[in-house]
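Structure first, commentary second.
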RNA sequence: GCCGGGGUGGUGAAACCGGUAACCACAGGGGACUUAAAAUCCCCCGGGAGCAAUCCCUUGCGGGUUCGAAUCCCGCCCCCGGCACCA
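Residue numbers (our numbering): 2 to 835.
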């Protein structure tokens, strides 16, 4: 708006330089250039989902922060490859298409077009020649290729798994779509179903995924989240022999104890296997609990209990996976009527089923030690089961009853010959002791589950498998890729959990690639996380139609040097990407196993102290802001809001600061005089270069900008006109944040070509950063009593002489006797007086 | 409950390795220019007392270590994010 008042017209400059970059290929590489680059630097940001609403300010914040880093590296002499793409498959797009009643194949291209327009407008250094669109057959052809590589290596397998099922919508729901046990759309209570799905065996890589975290330079918060998710725990697997029904007393009572030595592994005998982190408490196990779905439930259940057990199992199956795992509900469960033997005591323990034991963690069965586990304690209290102390922690002895579960450290009691042993020693000793009888071994367990990649949905890449009655599941031969997603007009997920693709008979009917018999295509599509799990590998190879990865180019550019993105992807996306990279390395397609050398999570932008949301109507719409202030000002303001890795609070008025700053830079540069720099200004300049150079490398953008503002205030102090040599380096330092105005000023200063090609990053001379006088704080008993200006590097005698010349200091010194003097050169002098 | 990250002026935030708390901005107040407004420029701006010099208080709360603590230690409170019946 007030362009005529600020000497520069943002929209004109921005249009001019964006056109220049396109014409001159400033930001893009040819495939030949990718091959020959000397200082490759792969600068990556998380590609967006191209929503109909357009770029969100959170996207712009992330991209700008990443772009500043890329431009900085470029000015430091790196050949920076900074690609962008679109993560356009997935439920998000599909649900939106359903909502507006249009087809995603029609919506996505226009969304991408709009995103492209906006991305160009914010002035990112994107390589528009290497764009990736996950929904384009030229991309998902290779996504399917990745699937086949895992399939061929035995890392993709089909197995049954429980899913959330809405009986009203007749569809599978993701956990996030279940609100309080009900479908988020129709409020119908959700139930569990078991259906056959494709899984990637990521658990095979659990230990490696964990170990490598020590080697990579990632935000601490992100690696912590991954460690937590992988969830390694050390413990033991212990087997409890099932007491056969014919050994049970006829009166329905419990069988008697036997000598522990007689409890041993016998071929063919059924065992209940449990995982426990506390094998030291084995003597305290007083009952067993199996998950309702546990396969041994059938054989354990007595005739008398069968009806009760079946009813409980049915109820458990009818509840959804989310509310099943709520911790705050009262424990429920029923006895099966079956028993097994505790290998430590020889006692017969009743076996219960309860939904607090989960089939998909450990072995789906636990030994219940109510004395030393909170959940087991609660369960035992609820059902009147025995609670036995086997750990004492000093104050108590073996006989002290337990008021609550004591899960801490201590010494063993009531544990026969292990009494008196410490918890940690007993873990090993007891496991070895039962191990001698074939009933136990130390074991590591992970919380991580295999990655289910099947989606009974439409908007994704078809899984490249053909089901043949004779040959089973067969991979589609590579030369037949891509398996093109057909245009299905009725893609609403209905029917009975079967993918919409199953409605297109002409598509799914095919012949078996192996035997030629009539066969049927897999009708599920794959998870969006598979698309995003390898896109960074594809960017530099986007120009090749005949191969997924060119070895030479991939070897040169990967792994990614710097990856910036949101921490909402700390676990799934970043873990899957690491897993796929490891697999592709093991299969010989690439020669590195960690995809991102450095990862930094950016913070979130809030507005006026509140989260932005559509319902609150406080969402920042970027286009009008860019319209009014220009991309440079907007970028600069976003980066000035707060520490990049923490985010910031966007306040509309705040943009005035960076706007005024850019105007003053413009004035100072366009009016600069050809003369020698002032020594004081030059000193400040060198200090500023030192600070900005160091801080930009660490993504400390807000303080870098503050330093540049401070410098300009010095260079313009008292209304003085700056010398050219005083402001030219400032233009270069500003270029990563405000690339368009920097280009224009660089040209104004008489340079040819883009500043990013021709400008050297300014050097600072440590000699010239040195102050010759400093303000020394003078304290008496730690309280500031004066400040004296003395030569830099002055010794204590000089400092004291100056300090004692201060009237106010003397006042306090005269009060008592000086006990001690602390002198920190160039900083302070502290008199300790009594 | 567990794991992260935080808590500093009216606001967003600075502060090297423990060394002058509040850089840089926003908002606010005052002034210059202007017929007027906008824009621009200059000055003030944590709280309290005082004409002033200057003094006292102040980094969520309570203790501690230290000549000296926003920073280190112990014990709490609160906010944000993630995980959560994980055996």
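All residues carry an ideal CB built from backbone N, CA and C; glycine is no exception.
By Cβ distance, which residues of its chain are closer than 8 Å to residue 150, with the 5 residues on each side in sequence left out? Within the first chain, numbered from 1, the residue matching residue 150 stands at position 149. Within the same chain, residue 150 has close Cβ partners 584, 585, 588 and 590.
Using the C-alpha atoms, what's the distance from residue 259 back to residue 427? Within the first chain, numbered from 1, the residue matching residue 427 stands at position 426. Within the first chain, numbered from 1, the residue matching residue 259 stands at position 258. One C-alpha to the other measures close to 23 Å.
So residue 727 packs on residue 678, CB below 8 Å; how close in whole Å? Residue numbering aside, residue 727 sits at position 726 when the first chain is read from its first letter. Residue numbering aside, residue 678 sits at position 677 when the first chain is read from its first letter. Right, their Cβ atoms sit about 5 Å apart.
Just the C-alpha distance for residue 563 and residue 210, rounded to the nearest angstrom, thanks. As a first step, residue 563 is located in the first chain; it is residue number 562 there, counting from the start. As a first step, residue 210 is located in the first chain; it is residue number 209 there, counting from the start. Their backbone Cα atoms lie some 19 Å apart in a straight line.
Ignore the nearest five residues each way along the sequence and tell me which others in residue 228's own chain have a CB closer than 8 Å to its CB. Counted from its first residue, the first chain places residue 228 at position 227. Excluding five sequence positions before and after residue 228, the CB atoms of its chain that fall closer than 8 Å to its own CB belong to 211 and 214, given in chain order.
Using alpha carbons as the reference points, say which of 248, 130, 712 and 191 lies closest to residue 167. Here residue 167 refers to the residue found at position 166 when the first chain is read from its first residue. Comparing Cα positions, the closest option is 191.
Under three-state DSSP, which class holds residue 605? Residue 605 sits at position 604 when you count from the first residue of the first chain. Strand, per DSSP.
First and last residue of the uninterrupted beta strand (DSSP E) at residue 584: Indexing the first chain from 1 puts residue 584 at position 583. Per DSSP, residue 584 belongs to no beta strand (DSSP E); it is in the alpha helix (DSSP H), 573 to 587.
7 Å Cβ shell around residue 62 - same chain, five flanking residues per side excluded: As a first step, residue 62 is located in the first chain; it is residue number 61 there, counting from the start. 603, 606 and 639.
So, with DSSP's three-state summary, where would you put residue 646? Indexing the first chain from 1 puts residue 646 at position 645. If DSSP states are grouped into helix, strand and coil, residue 646 belongs with coil.
Under 8 Å Cβ to Cβ from residue 70, same chain only, skipping five residues before and after it: list those, please. Within the first chain, residue 70 is the residue found at index 69, counting from 1. Once the five neighbours on either side are set aside, the close Cβ partners of residue 70 are 44, 563, 565, 697, 700 and 737.
Length of the line joining the Cα atoms of residue 710 and residue 73: Looking up residue 710 in the first chain gives position 709. Looking up residue 73 in the first chain gives position 72. Distance between the alpha carbons of residue 710 and residue 73 is about 18 Å.
Any idea if residue 300 is buried or exposed, counting beta-carbon neighbours within 10 angstroms, 16 or more meaning buried? Taking the first chain and counting its residues from 1, one reaches residue 300 at position 299. Label assigned to residue 300: exposed.
Quick check on residue 1: buried or exposed, where buried means 16 or more other Cβ atoms within 10 Å of its Cβ? The question about residue 1 has no answer here: the residues shown for the chain are numbered 2 through 835.
Per-residue DSSP class, three states only, for residue 122: What you label residue 122 is simply residue 121 of the first chain in a count that begins at 1. In the three-state scheme derived from DSSP, where H, G and I count as helix and E and B as strand, residue 122 is classed as helix.
Count the C-beta pairs between the segment 306 to 323 and the segment 395 to 414 that are closer than 8 Å, then say yes if the count reaches three, no if not. no
Just curious, the alpha helix (DSSP H) that residue 481 is in, first and last residue? Residue mapping note: residue 481 aligns to position 480 of the first chain, counting from 1. From DSSP, residue 481 is part of no alpha helix (DSSP H); its letter is neither H nor E.
Residues in the same chain with beta-carbon distance under 6 Å from residue 331, minus the five sequence neighbours each way, listed in chain order, please. For the purposes of this step, residue 331 is taken as the residue at position 330 of the first chain. Hits under 6 Å: none found.
Taking only the alpha-carbon atoms, compute the straight-line gap between residue 132 and residue 31 and give it to the nearest angstrom. To locate residue 132, count along the first chain from 1; it is residue 131. To locate residue 31, count along the first chain from 1; it is residue 30. Each residue's Cα considered, the two are about 13 Å apart.
Taking its Cβ as the centre, do 16 or more other Cβ atoms sit within 10 Å of residue 160, making it buried, or is it exposed? One-based indexing of the first chain puts residue 160 at position 159. Exposed: under 16 other Cβ atoms inside 10 Å.
So, at 8 Å on beta carbons, what are the nonlocal neighbours of residue 19 in its own chain, with the 5 sequence-adjacent residues on each side left out? Translated into positions along the first chain, residue 19 becomes position 18. Only 121, 122, 124 and 741 meet the Cβ criterion.
Could you pull out every unbroken alpha helix (DSSP H) segment of at least 4 residues lying fully inside the segment 211 to 281, listed in chain order? 221 to 231
Under the rule that 16 or more other beta-carbon atoms within 10 Å means buried, what is residue 1, buried or exposed? With the chain running from 2 to 835 in the structure shown, residue 1 is simply not present.
Cβ of residue 199 within 9 Å of Cβ of residue 289? Within the first chain, numbered from 1, the residue matching residue 199 stands at position 198. Within the first chain, numbered from 1, the residue matching residue 289 stands at position 288. Not a contact, by the Cβ cut-off of 9 Å.
Nearest CA to the CA of residue 361: which residue from 441, 550, 257 and 452? Taking the first chain and counting its residues from 1, one reaches residue 361 at position 360. Distance check between residue 361 and each of 441, 550, 257 and 452 places 452 closest, using alpha-carbon atoms only.
Same chain, Cβ closer than 6 Å to residue 278, neighbours up to 5 away in sequence not counted: Stepping through the first chain from its first residue, residue 278 is reached at position 277. Closer than 6 Å at the Cβ level, and outside the excluded window around residue 278, lie 234 and 236.
Which residues in the same chain have their Cβ closer than 8 Å to the Cβ of residue 573, if we skip the five residues on either side of it in sequence? In the first chain, counting from the first residue as 1, residue 573 sits at position 572. Excluding positions up to five away in sequence, the list reads 530.
For residue 334 and residue 193, what's the separation of their Cα atoms in angstroms? Sequence index remark: in the first chain, residue 334 carries index 333 (1-based). Sequence index remark: in the first chain, residue 193 carries index 192 (1-based). Distance between the alpha carbons of residue 334 and residue 193: 18 Å.
Starting from residue 353 and walking both ways along the alpha helix (DSSP H), at which residues does that stretch end? Taking the first residue of the first chain as position 1, residue 353 is located at position 352. Unbroken run through residue 353 is the beta strand (DSSP E), 349 to 354; no alpha helix (DSSP H).
From the DSSP output, in three-state form, read off residue 703 for me. Translated into the one-based positions of the first chain, residue 703 becomes position 702. Residue state, collapsed to three classes: helix.
Let's test the definition: count the other Cβ atoms within 10 Å of the Cβ of residue 1 and tell me whether it reaches 16, buried, or not, exposed. Nothing about residue 1 can be read from this structure; the chain reaches only from 2 to 835.
Just list the residues that DSSP pairs residue 597 with in beta bridges. For the purposes of this step, residue 597 is taken as residue 596 along the first chain, with counting starting at 1. Residue 597 is bridged to 561.
Would you check if there are 3 or more beta carbon pairs closer than 8 Å linking the segment 778 to 797 to the segment 102 to 116? no
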